[in-house]
Amino acid sequence: MSRNHVSTTVNGDRVEFLCETGQTLLEALRDELRLTGTKEGCGTGDCGACSVTVDGRLVCACLMLAVEAEGKAIQTIEGMAAGEALHPLQKKFIEHAALQCGICTPGILIAARALLERNPDPSESEVRYWLAGNLCRCTGYHKIVDAVLDAAREMRGA
Amino acid sequence: MPTTLKYQEKDLKLVGTRPPRPDGVDKVTGRARFGADYNLPGQLIGKVLRSPHAHARIKSIDTAAALALPGVKAVVTRDDFAEMPDEMAAVGELMINFRDVTRNMMAREKALYDGHPVAAVAAVSESVARAALALIKVEFEVLPHVIDVVEAMQPGAPLLHEDQFTVGVKPKPERPSNIAKRLEFGRGDVAAGFAQAEVIVEREFNTKPVHQGYIEPQACLASYSADGQAELWTSTQGHFVFRAQCAKVLQMEVSKIRVTPTEIGGGFGGKNNIYNEALAIALSRKSNRPVKMVMTREEVFRGTGPTPGANVKVKLGCTRDGRITAAQAELNFQAGAFPGSPVNQASMCAFTRYDLANVQVVGNDVTVNRPKVAAYRAPGAPIAVFGVESVVDEMAKKLGIDPIEFRLKNAAKEGTQTYYGPRLGPIGYIQTLEAARAHAHYRAPLGPNQGRGVATGFWFNIGNETTCALNLQEDGTLTLMLGTIDVAGGSRAAMAMMVAEELGIEFERVRPVVGDTAALGFNFLTAGSRSTFASGMASVIAARQVIEKLRARVAKIREVPLEAVAWKDGQARPAEGGGAQFAPMTLAEIAKMAGKTGGTIAGHAEINAQGAGPGFGTHIVDVEVDRETGWIRILRYTVVQDVGKAIHPAYVEGQLQGGAAQGIGWALNEEYFYGDDGVLQNPGFLDYRMPVASDLPYIDTVIVEVPNPNHPYGVRGCGEVPIIAPMAAIANAVENAIGLRLFAQPFSPPRVLKAIEDAAAARD
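Keeping their order, the protein sequence lines are chains A and B.
Here the working numbering = 1-based position in the first sequence + 6.
Here the working numbering = 1-based position in the second sequence + 36.
Next up, the structure:
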């Protein structure tokens with residue numbers, strides 16, 4: 007099976023990979039680039055565990071073909087912290103016990119960051135509806151919502 | 037050293053605080069490695085061919101075309117696995133019938149459910165493996181199937197196992213049956229108890245199977261070497277139990293399989309049993325290459341264990357002043373394709389919140405053409421309790437007694453004789469009821485179409501086989517090697533906190549890790565809410581051993597008697613009245629000298645932890661019912677639970693919130709849809725609708741602490757109790773909101789709307 011050559015940018019790094027035409031961006035990130043922080047929970051766009059941003063837009067990496075990444079700028083969980091310095095959302099998730107098993111956490115962090123970029127002062131209800139595409143089976147969302155609201159507060163300097 | 041420790045009240049510095057979990061940074065940066073994140077050079081991808089039929093005889097399997105496909109390196113079928121005898125074998129304290137284990141991972145004579153594995157391949161890529169599956173020719177003889185528990189119990193129902201005769205019925209039945217087992221628990225005389233009753237309520241309930249819904253599909257990586265040794269990386273709740281199961285079905289020696297547990301992306305009981313693990317090792321053995329197998333979500337739904345659906349009958353008799361005189365239940369549980377539903381546990385949990393003289397519970401374990409059920413958080417209890425707590429609520433209302441007051445009048449307490457065996461020790465049930473009654477939530481005003489419901493739950497909690505090792509490192513820090521999986525709750529943090537508390541040092545100086553199966557002796561699964569209790573006990577024993585060795589070492593170094601050395605706040609100091617003065621030594625100072633003064637210092641524990649404290653909880657929920665759509669909105673939710681002692685309160689709250697959220701999902705929406713052909717129609721998260729963030733309110737928690745006398749810090753398990761009460765609490769709230777009692781789960785909009793319309797039609 008012949009493979010396609012793709013040049014793209016991931017977390018600011020220029021990368022190239024080969025992929026089958028039917029492979030998803032999620033498979034390329036995980037299996038070709040070995041960026042396994044982005045998770046597969048369903049493969050059908052229902053759980054949000056594979057949330058990444060592509061040119062700033064929040065997408066499920068399992069719903070996008072890898073070849074569509076050509077020339078795009080992709081952000082994954084691996085690029086969220088600045089070196090050792092965790093993003094405020096990452097810090098607040100630990101501080102608020104907003105993660106348990108942690109499999110949904112990368113996707114939720116990416117989705118929450120996308121929310122705060124658009125709406126730096128969301129209400130509880132706005133957080134809940136924005137994150138409605140990200141399943142978490144451990145926490146009941148209580149501490150996740152708290153962590154996002156607290157991170158938003160801190161990022162606003164409020 | 038002792039293998040059990042009693043509760044001692046003492047001033048605490050660390051236990052009860054909220055330090056950050058040691059796995060936190062890796063989990064927020066994407067660095068934590070879960071089952072599917074492991075890879076080996078040269079690995080192949082394994083995929084499973086599954087039965088498209090609910091029930092079919094497998095007449096032949098032809099793998100020649102698949103094997104001929106370039107890139108395919110191995111195929112396994114039933115012919116690659118030995119027949120296992122029909123006998124129960126112990127895996128730790130878990131009894132397993134390996135005849136069924138081997139048949140569930142790979143069908144032999146028959147495929148017994150849609151999704152039952154019939155062959156597996158290993159190939160150089162996912163796409164080649166998928167292409168190979170399509171080339172395997174299986175000749176099926178499709179048989180009549182049965183998926184409903186009541187239908188499966190009828191004489192003449194399609195039989196899954198022609199050689200299955202109901203156990204627990206005397207004399208032995210002459211005809212085979214889908215009822216694998218009938219069991220009965222009880223005490224007193226229920227007939228006499230009902231004769232004393234002035235009010236009797238008798239109701240019947242039905243529930244559907246629900247899935248554990250862990251977000252991480254099962255994933256493993258196996259590497260079998262030509263010298264007969266195998267390594268396995270897998271997402272599991274118990275790597276020692278997985279090793280035992282793989283060794284048995286592959287006929288290997290236990291020590292030749294080394295299992296390394298990966299981070300686990302949720303389990304909730306669903307990762308207590310092997311699925312692909314033995315297939316991956318077998319494929320690796322055949323191909324001489326590492327083999328990675330990751331399930332799709334569809335495979336998770338079609339092939340892995342849900343909790344049973346059930347039919348439940350409950351009868352309760354009471355005096356007018358609110359004293360229960362008799363309680364009776366019949367629980368008919370789906371076991372799935374093989375016997376072994378949690379009807380046993382459900383039977384024992386049904387009424388144990390109450391102090392009852394006359395009880396009878398009959399349970400039936402029924403095989404149906406669905407995946408073999410697996411444990412799910414307090415297995416079986418939510419189903420039985422949905423029925424019982426609904427009837428309790430109806431009874432309280434009939435008698436005009438407040439539902440919490442009614443429960444208090446009949447509540448189990450220390451000394452209550454259970455109907456399944458033990459007498460209860462110190463428990464906190466009454467305290468949870470009183471805390472719930474005193475909570476502002478219980479008195480908050482309600483609007484139109486809104487109602488409040490209360491229900492309670494009980495779970496045994498367990499101890500079992502546990503080991504750990506605590507090694508003092510040369511700089512005075514410690515590594516704590518644990519054998520119980522941290523399934524999400526933060527048990528690594530809790531164990532490190534207890535060790536640091538014992539030693540009088542900072543939390544950060546104890547690094548907890550979960551060791552592989554070669555690092556420690558056998559550990560039972562993380563199940564039964566046992567880890568913080570049992571592994572915590574082992575960790576404290578190991579810490580106290582380390583302290584004794586530190587004291588002895590300092591006595592030797594300072595040339596003073598052992599009694600002269602006390603351990604306090606992370607230092608060896610002269611004991612008060614010990615008769616000798618010497619310069620104190622810190623842990624770091626001792627550690628630095630340890631190698632040259634007798635060798636490194638370590639503690640270890642190998643115990644079978646006894647005396648797990650039962651857990652009780654009381655839930656309050658407010659709902660609003662939309663009469664036009666049947667949609668139930670959860671307005672407010674409060675969980676009150678006795679946890680013995682919350683080592684890390686934030687992680688305990690997380691258990692109570694997460695358990696309640698799962699119970700809410702169970703109550704409101706989760707359901708499998710099977711076609712008339714017995715094929716699952718909604719194997720995905722779009723149509724199997726688990727709660728999302730916008731479905732839920734904040735879930736308030738009240739932690740009650742009645743110490744367990746059999747744990748050094750008073751710990752009771754806390755992870756399972758919170759899933760038990762939600763279904764009943766929500767049903768009771770709906771009844772209070774619109775005067776309609778729900779008898780069938782889930783309470784999804786179409787079903788609730790139909791119930792509203794049926795009730796209206798009955799009134800007209």
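Heads up, the beta-carbon is just placed ideally off N, CA and C, and yes, glycines get one too.
Computed from a prediction, not measured in an experiment: that's the story for all the values here.
Nonlocal neighbours in the same chain, by C-beta distance under 7 Å from residue i, ignoring five residues either side
| i | result |
| --- | --- |
| B:Ala-686 | Arg-54 |
| B:Asn-718 | Tyr-708, Phe-709, Tyr-724 |
| B:Ala-283 | Glu-289, Val-290, Ile-293 |
| A:Pro-112 | Gly-43, Thr-44, Lys-45, Ile-83 |
| B:Val-546 | Leu-514, Leu-516, Ala-532, Val-535, Ala-536 |
| B:Gly-345 | Val-185, Thr-243, Lys-244, Pro-245, Gln-370 |
| B:Glu-18 | In the structure as shown, chain B starts at 37 and stops at 800, and residue 18 of chain B therefore has no counterpart that could be examined. |
| B:Asn-772 | Gly-487, Arg-488, Gly-489 |
| B:Gly-551 | Met-517, Leu-518, Gly-519 |
| A:Cys-56 | Leu-32, Thr-44, Lys-45, Glu-46, Cys-66, Ala-67, Cys-68, Gly-113 |
| B:Ala-627 | Leu-508, Gln-509, Glu-510, Asp-511, Gly-512 |
| B:Pro-745 | Lys-42, Tyr-43, Gly-461, Pro-462 |
| A:Cys-144 | Gln-106, Cys-107 |
DSSP bridge partner residues for residue i (one or two, in chain order)
| i | result |
| --- | --- |
| B:Asp-401 | B:Lys-217, B:Phe-369 |
| A:His-11 | A:Leu-24 |
| B:Tyr-710 | B:Leu-716 |
Coarse secondary structure for residue i, derived from DSSP in three states
| i | result |
| --- | --- |
| A:Ala-118 | helix |
| A:Arg-81 | The sequence given here places Gln at residue 81 of chain A; Arg does not occur at that position. In this structure, A:Gln-81 counts as strand in the three-state DSSP scheme. |
| B:Met-131 | strand |
| B:Lys-604 | strand |
| A:Thr-59 | strand |
| B:Tyr-412 | coil |
| B:Ala-156 | strand |
| B:Ile-735 | strand |
| B:Glu-612 | coil |
| B:Lys-433 | helix |
| B:Ile-419 | helix |
| B:Ile-656 | strand |
| B:Arg-389 | coil |
| A:Gly-113 | helix |
Residue environment, residue i, which counts as buried when at least 16 other CB atoms sit within 10 Å
| i | result |
| --- | --- |
| B:Met-131 | exposed |
| B:His-181 | buried |
| B:Thr-553 | buried |
| B:Asp-59 | buried |
| B:Gln-248 | buried |
| B:Lys-691 | Just to set this straight, residue 691 of chain B is Gln in the shown sequence, not Lys. The residue in question, B:Gln-691, is buried, as its Cβ has 16 or more Cβ neighbours within 10 Å. |
| A:Ala-75 | buried |
| A:Pro-128 | buried |
| B:Met-124 | exposed |
| A:Asn-140 | buried |
| B:Gly-775 | exposed |
| B:Gly-82 | buried |
| B:Ala-318 | buried |
| B:Glu-741 | buried |
| B:Leu-713 | According to the sequence shown, residue 713 of chain B is Asp rather than Leu. By the 10 Å Cβ count, B:Asp-713 comes out exposed. |
| B:Ala-563 | buried |
Beta-carbon proximity list for residue i, same chain, < 6 Å, skipping 5 on both sides
| i | result |
| --- | --- |
| B:Leu-469 | Ile-440, Arg-443, Leu-444, Thr-654 |
| B:Tyr-455 | Phe-221, Gly-222, Arg-223, Val-395 |
| B:Thr-113 | Ile-97, Ala-155 |
Cβ-heavy atom distance, residue i to the ligand PLP, below 8 Å
| i | result |
| --- | --- |
| B:Val-590 | Ligands displayed in this structure: none; no statement on the ligand PLP is therefore possible. |
Beta-carbon proximity list for residue i, same chain, < 8 Å, skipping 5 on both sides
| i | result |
| --- | --- |
| A:Met-161 | Pro-94, Leu-122, Pro-126 |
| B:Asp-122 | Asn-133, Arg-135 |
| task | Go through the stretch 754-781 of chain B residue by residue and report every complete run of the alpha helix (DSSP H) that reaches 4 residues or more, in order. | result | 762-774
| task | Go through the stretch 205-284 of chain B residue by residue and report every complete run of the alpha helix (DSSP H) that reaches 4 residues or more, in order. | result | 226-232
| Entirely enclosed alpha helix (DSSP H) segments - the stretch 499-586 of chain B, minimum 4 residues | 527-539
| request: Ignoring anything shorter than 4 residues or poking outside the stretch 63-107 of chain A, list the alpha helix (DSSP H) runs there in chain order. | output: 94-101
| Can you give, in chain order, each stretch of the beta strand (DSSP E) that sits fully within the stretch 92-136 of chain B and has at least 3 residues? | 92-98, 108-112, 124-127, 130-133
| Secondary structure, alpha helix (DSSP H): runs of 4+ residues fully inside the stretch 297-375 of chain B | 313-323, 333-339
| Can you list the beta strand (DSSP E) stretches of 3 or more residues lying completely in the stretch 45-101 of chain B, in chain order? | 80-86, 92-98
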